[in-house]
Each structure stands twice: as C-alpha cells, then as structure tokens.
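>
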Amino acid sequence: MLRLPAFSFHSPETVTEAARILAQDPGNTRVVAGGTDLWPNMKRRHQGAKTIVSLRSIPEMNGICVDDKGGVVIGATTTLDTIIRNETMQEKYPTLVKAITSISSPVLRNAGTIGGNLCLDTRCTYYNQNEEWRRSISYCMKAEGDVCWVAPSSPRCWAVSSGDSVPMLCALGAEISLHSADGERVLPLAELFNDDGMDYLSKRPDEILTRVRIPAPSGERTGYWKLRRRGSIDYGVLSVAAAAWCSGETTDRIELWLGSVGSTPVRCDASIDHLTGKPLTAETIAEAAAMARKGDGANPLGNTDFAPQWRGKMIEKYVEAVLREVAGLPVERLAPHHG
Amino acid sequence: MEQQDHSAMEHQQVFKKLSVNGEPHSVGFSVHHSLLEVLREQMQLTGTKHGCELGECGTCTVLIDGQPVLSCLELAVECEGREITTVEGMMIGNDLHPLQEAFADLGAAQCGYCTPGILMTAKALLEENPAPTRDEVVSALAGNLCRCTGYHKILEGIDWAAAKMRGDEDFRPPREAIYGDPLPGEEPSDA
Ligand SMILES: Cc1cc2nc3c(=O)[nH]c(=O)nc-3n(C[C@H](O)[C@H](O)[C@H](O)COP(=O)(O)OP(=O)(O)OC[C@H]3O[C@@H](n4cnc5c(N)ncnc54)[C@H](O)[C@@H]3O)c2cc1C
Ligand code: SF4
Ligand code: FES
Ligand code: FES
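Line by line, the protein sequences give chains A and B. Its first residue numbered -17, the first sequence is counted upward by one per residue in this note's numbering. Its first residue numbered 162, the second sequence is counted upward by one per residue in this note's numbering.
1) Using the C-alpha atoms, what's the distance from A/R306 back to A/K32?
2) Let me know if B/K210 comes out buried or exposed under the rule of 16 or more other beta-carbons within 10 Å of its beta-carbon.
3) Quick check on this structure: which residue in B/K177, B/I253, B/V181 has the alpha carbon closest to the alpha carbon of B/V188?
4) So A/P261 packs on A/T232, CB below 8 angstroms; how close in whole Å?
5) Who are the Cβ neighbours of A/N176 in its own chain at under 8 angstroms, not counting the five residues just before and after it?
6) Residues of chain A with CB closer than 7 angstroms to the CB of B/M252, please, in chain order.
7) Quick check: does the Cβ of A/R195 come within less than 7 angstroms of any heavy atom belonging to ligand 1?
8) Among A/S84, A/P(-13), A/A271, A/I236, whose alpha-carbon lies nearest the alpha-carbon of A/G294?
9) Name, please, each residue of chain B whose Cβ falls closer than 9 angstroms to the Cβ of A/R(-15).
10) Closest Cβ-Cβ distance between A/T18 and chain B: below 8 angstroms?
11) Quick one: does the C-beta of B/Y312 sit closer than 7 angstroms to a heavy atom of ligand 2?
12) Got a sec, what are the start and stop residues for the beta strand (DSSP E) A/P76 sits in?
13) Using a Cβ-Cβ cutoff of less than 6 angstroms, which residues in the same chain neighbour B/E241 once the five nearest sequence positions on both sides are dropped?
14) So, for A/R275: in the same chain, excluding its five sequence neighbours on each side, which residues have a beta-carbon less than 7 angstroms away from its beta-carbon?
15) Is B/Q271 helix, strand or coil when you go by DSSP?
16) Quick one: which chain B residues come within Cβ less than 7 angstroms of A/W21?
17) Among all the DSSP beta bridges, which residues are the ones paired with B/Q190?
18) State the beta-bridge partners of B/D256 as determined by DSSP.
19) Cβ of B/E217 less than 8 angstroms from any chain A Cβ?
20) Any heavy atom of ligand 3 within a distance shorter than 7 angstroms of the CB on A/C130?
21) Tell me which residues share the same chain as A/G213 and place their Cβ nearer than 8 angstroms to its Cβ, disregarding the 5 neighbours each side in the sequence.
22) How far does the beta strand (DSSP E) with A/T232 in it extend, from its first residue to its last?
23) Would you say B/M162 lies against chain A (beta-carbon separation less than 8 angstroms)?
24) With a CB to CB cut of under 6 angstroms and the five nearest residues on each side skipped, what residues in its chain are close to A/L62?
25) Who are the near neighbours of A/I96 in its chain, counting only those whose CB is closer than 7 angstroms to its CB and skipping five residues on each side?
26) Please report how far the alpha carbon of A/I24 lies from the alpha carbon of A/W140, in whole angstroms.
27) Determine, using beta carbons only, whether B/I339 and B/L267 come nearer to each other than 8 angstroms.
28) Pick helix, strand or coil for B/A352, following the three-state DSSP scheme.
29) Any residue with its Cβ nearer than 6 angstroms to a heavy atom of ligand 3 should be included. What is that list in chain order?
30) Scan the region 296 to 332 of chain B and note each continuous alpha helix (DSSP H) run of 4 residues or more that stays entirely inside, going in chain order.
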C-alpha cells in the first residue's frame, strides 16, 4: 500500500479558526480540501506536512451565490462536480463549466474543489513520481535535489501550471479572496501565480483562499479547448481559453490565456494587442495564433506528455481553433471530447 | 516546503463510528489513514480493491452518501456521520444486485480487479439516471480503468442491468455478449 506519512489533523469549523491554526507553524502545516492533489503528492513524498488542516467542515467556504452586481461568488471548497451541475454557472459561464468538466475524472471531481484547482502544485515528469523513482535520479531541484533535469544548466524549476479552471477564470477577470490571521485581501486571480515552478503561488503559506468571484457576464463570447492524450484522467498539456467582447464587427476587448505551457498561466499579450480594435476574421485570427506560439512564457519543455516541439505547434493550432469558434467561423479541427 | 520524514512522528489515533453498508461500526485508526486502508485493514472489507492509490485507476471507488468517491484519496477520519457503501453492501437481501447479475451473465468481469469500483460507479449512475445513453454511461465511467475487457462487456452489462431495474423485460443484450448459458426464455444457440 502506498501510505500517507503520519501527521496531526485538524478540522476547524470557521475560517478564523483555520487561519489561527495555520498561523502557528505555517512552514510545516498544509491545508487540504479535496485532497486529490495533496494526497498523491504526500504519498509520493514530494510534499510533506506535520500538520494538516482540512477546510471541508467550514460551511462559509462552501457554496455558490450570485452577488448584487450579477456576478458569482464560489466558495473555495465547492467541489468541481457541484459547479458543473449548478444551473446558474451553466447559464452564466458555460465555457468555464466546459473547462471544469475537462478536469480529471467524474469521481475525482466529486472530491476535487475549485480552491484546490487554483492552488494546484506545478507538475513535471521528473517530479510526479514515487520516492524510489526520484531517488534513482538523485531527485531534482523542486524537491530534495539540486539539478533541474529538464534544463540542467537552468537556475530555476520549470514545472508546469496545470489547473484547468485557471486560464478561463483569468480570461473572465476573476478575483480571489485570501484570508489569514492578519485579515483578508482581495486580488485578481492572475496575480496569484508566480513564474517559478517551485514558488508558484504569490500567496503566503499562512493564507487560505476562501472564495473566487467572477464578474457578471457582459456579452462576451468564449471558447476553451484542452489537449491531452486521453479524454479523461490525464492532466492537460495545453489549454486555451478566450473571451471576446465585440460591438458589431469590431473586437472591443479580448482575453486569451494559455494553461499547461509554463510555470504560470500565460496571457497572450501580442495576440491580444493584434486583435483589439479589429474584426475577428480568418486572417487576423491566423496571425494572432502565430503570435501566441512565439509569445513570452509559452515555452513547452520536455517535462510533460508529448514532444515539446509538437506541443509548440499545437499552441498555434488550438489558439486558431478556439478563436474561430469564438468568431463563429467554421472550426476545421476536430474538437476534443472530454468524458 | 522541504519534504520531511515524519515516520518517527507519533500517530494521532482516533476512535470513530463509521456507518458502512447500513451498519454502524466503531473503529480505531490513525488520522492519516485513508478510508481504503481502514476498510481493508481494520474492517476486513477487502472487496474494495487497491490499485494505483493515487486517484488514477478508480478501482477503490466507494459511495459516500450515494456519491462515488475514491477511497484511496479520502481520509477515514472525515467519513464519520456519512453513509459509506462498498461492493459488499450491494446485494439486496440474498439476491445479487442487477448490476452484479448482469456483469456475471455477460462476462463483464475478467480478472475482476476493476469490477468493484465500476459496480459502485454504475450503481450511483443508475440511481440518478435509470435510462442513461451509451455516452452518459461512458462519461460516468471515465475515471474507472479496466485493463481486460475492452469496456464493451461492461457497457453492455450496465445497459442490461439498467433495463432490468426499469422493469423493461423486452430488452435483450446482444446475442454475442452472452457468456455461458442462454438467457432465461432463450433457445440455446447451436454455436
Ligand atoms: C489522476 C488525476 C488527474 C487529474 N487531472 C487533472 C486535470 O486534468 N486538470 C486539473 O486541473 N487537475 C487535475 N487533477 C488535480 C485535481 O483533481 C484538481 O485540480 C482539483 O481541483 C484539486 O482540488 P482539491 O480540492 O482536491 O485539492 P487539494 O489536494 O485539497 O489541494 C491542492 C493544493 O492546494 C492547496 N489548497 C487547497 N485548497 C486551498 C485553499 N482553499 N486555500 C489555500 N490552499 C489550498 C493545498 O494545500 C494543496 O497544496 C488530477 C488529479 C488526479 C489525481
Ligand atoms: S522542471 Fe526541473 S526542477 Fe522543476 S520539477 Fe522538473 S526536473 Fe525538477
Ligand atoms: S486505488 Fe484509488 S484510484 Fe487507483
Ligand atoms: S476485468 Fe480486469 S481490469 Fe477490468
């Protein structure tokens, strides 16, 4: 049996109490929600904790409600399955629901939460392995070792940001609330992430993500595609999320985000600049897609499934397909099916 | 956070009442033990299998309050006050559950290792949706791997069990799917 290491366990009933426990020894304490990321990582011994604080018994962190501006607030421990089945979510953010449906598998989505998805550990072929496997290569920089096996001369870790709700939530302009014993702060979701495979979250270890707020829909057209080997269970090797606000033919505003291509979600700045103020035509879209492939941060390396060169090419193909879908143009590629 | 070895750490023990297959059980275990470990090792309910133990295969699926959940990624300590159903609790009195019957009749279990998890997932599906389409069955089972059957027999087994549970007596599984004896009321085939 692959067993968890021993820890002491707390199951507080309020955020205040959870924050108080966390503040006692933040370096050796971890919070858990669904456990679908943390438990496998602890079983393989690349993450550890002396103390575990479960967030599941905190009613104020669970649930979906509409705010006074017509946006939606989702408690961080709301399960992915609850979000997918929620009628308000289906009606207001159908493409986000599609993105969340592409996460893991139905049985994992019954436990996995939205907060856990946003705080997901970064991933790498040399890291997401059991202890014996990693010992045989003398570990790597992200846990216990010194070298990055993906880029041995690199001073940093390139593990991949893989949370599949992230690109779409960033495109929609979501905000998150972080709660600690010192109080609460609200920040744009995009600011939660650092471009560093080891120090991938800007939140402090003593901060708890309590909720996600998505602004009210305002006429955006959206698209999301995810690339992976199988239609279920596998993590993505690329996800593309787009939201466009158009008046007539003109694109007033557009957001285009990539996931699983770097240590942080990547905003395609050049493509966005190129499309803003222009119509979404086959030509402008093809140009924007070529820019996305060359964009900063979109740098597939040899640390996920599939060859990096091919994943690089697929950025262009998938961005083009998603933007064509958003523009209502015929999509020439076969859309991925997620079971 | 650096990975630390806490193997020397004292185990925090708890004594909890778990409700499994409709019966209350008082069980003592360590707080870091998964529901899978407690079911198999403390309660001797070994019907629930352990495969990857990392959430990737689905064989450890049990129902918690009617919902399929991976017992390898669930702490037993968090299951107090919730109704746990395992494959041992599937029979209805002395009769096999229609899913179990259909799986046996159609050879939907080969090595059988994935079977408990698939039965639990299928049970939850049919309780929510008595007449699922083939696509709905495939989607519901998308977290349960089978290395033997190629899935067809499993899908046919679920279709047939669903029909039996709906009382649809006209439903017949494809002739080539039938394993062993002919179905009640059917002519034996010459083949
Ligand atoms: C086989 C398998 C396949 C998977 N495939 C995918 C996939 O395709 N796409 C994908 O995106 N994910 C995938 N996942 C990961 C996971 O199921 C989801 O990302 C899920 O949403 C994680 O949520 P959780 O509640 O289970 O996280 P947990 O494991 O509970 O937590 C994950 C991390 O976030 C921290 N955390 C959790 N909640 C909070 C909070 N409220 N505040 C602060 N920190 C917090 C934890 O300390 C931990 O470090 C997969 C997992 C498995 C096992
Ligand atoms: S990118 Fe390098 S340092 Fe980071 S996990 Fe992979 S091998 Fe380790
Ligand atoms: S043993 Fe739980 S999913 Fe494989
Ligand atoms: S019958 Fe062998 S794994 Fe499914």
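Built from N, CA and C at the ideal position, the CB exists for glycine as well.
According to the structure data:
1) 49 angstroms
2) buried
3) B/K177
4) 6 angstroms
5) Y182, L183, S184, S245, T246
6) Near B/M252 there are no residues of chain A at all, since even the closest Cβ is about 22 angstroms away, more than 7 angstroms.
7) no
8) A/A271
9) H193, H194, S195, E198, E214
10) yes
11) no
12) First-last for A/P76: 76 to 83, but that is the alpha helix (DSSP H), not the beta strand (DSSP E).
13) K177
14) G294, I297, E298
15) coil
16) L234
17) Per the sequence presented here, residue 190 of chain B reads as Phe, with Gln not at that position. BP columns for B/F190 point to B/V175.
18) B/I253
19) yes
20) no
21) P318, H319, H320, G321
22) 232 to 241
23) A caution first: B/M162 carries a pLDDT of 44, below 50, which makes its placement in the model unreliable, though a value can still be read off. Yes, B/M162 lies at the interface with chain A (some Cβ there is under 8 angstroms from its Cβ).
24) I82, I85, R91, G94
25) I56, A58, T60, L62, I65, S147, V194
26) The sequence shown places Met at residue 24 of chain A, rather than the Ile named in the question. Those two C-alpha atoms are separated by around 21 angstroms.
27) yes
28) Summary for B/A352: the model assigns pLDDT 46, below 50, so the residue's position carries little reliability; its value from the coordinates is reported in the next sentence. Residue state, collapsed to three classes: coil.
29) B/H211, B/G212, B/C213, B/E214, B/G216, B/E217, B/C218, B/G219, B/T220, B/C221, B/L231, B/C233
30) 313 to 327
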